[in-house]
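Worksheet: the structure to be examined is printed underneath.
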Amino acid sequence: MDLKLLMLAALLVWTTGCGLTGDPTGPGDIERRTEILLESDEGLEKAVRIDSLVWRPFPPQLGFEDEIQATEGTFSALFINLTEQDLQVRYDLRFYDR
Numbered sequence: 060m061d062l063k064l065l066m067l068a069a070l071l072v073w074t075t076g077c078g079l080t081g082d083p084t085g086p087g088d089i090e091r092r093t094e095i096l097l098e099s100d101e102g103l104e105k106a107v108r109i110d111s112l113v114w115r116p117f118p119p120q121l122g123f124e125d126e127i128q129a130t131e132g133t134f135s136a137l138f139i140n141l142t143e144q145d146l147q148v149r150y151d152l153r154f155y156d157r
């Protein structure tokens, strides 16, 4: 492949890759909030440890500005049982606008 064409393609991807070129309110300016609320039966307060929570959003679908956008993705949570007994874990994942 021609080196000039390769460099031009790399420059194009670099400047338009995230869609926020020249946007002063890019992702670095967004306040990120996380809230984890744990509830447990008496005596089981330290029975389960949350090892990791991960959400990997899919690329957003293009639409009109007035249209409500839903961002889909995969979510995974890894819970570790620190006891010898079987436990049941429930979790509720919610995303809120500001």
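Heads up: the sequence shown begins at 60 in the working numbering, then just goes up one per residue.
Ideal Cβ positions, reconstructed from N, Cα and C, are used throughout, including at glycine.
- When rounded, the separation of the alpha-carbon atoms in Y150 and A106 is 15 Å.
- For D110, the enclosing beta strand (DSSP E) covers residues 107 to 116.
- The beta carbon of L103 is closer than 8 Å to those of T142, L146 in its chain, skipping five residues each way along the sequence.
- Counting along the chain, L97 sits inside no beta strand (DSSP E), nor does DSSP assign it H or E at all.
- Taking C-beta atoms under 8 Å as the contact rule, S111 and L137 qualify, at a distance of about 5 Å.
- In the DSSP assignment, A69 forms no beta bridge with any residue.
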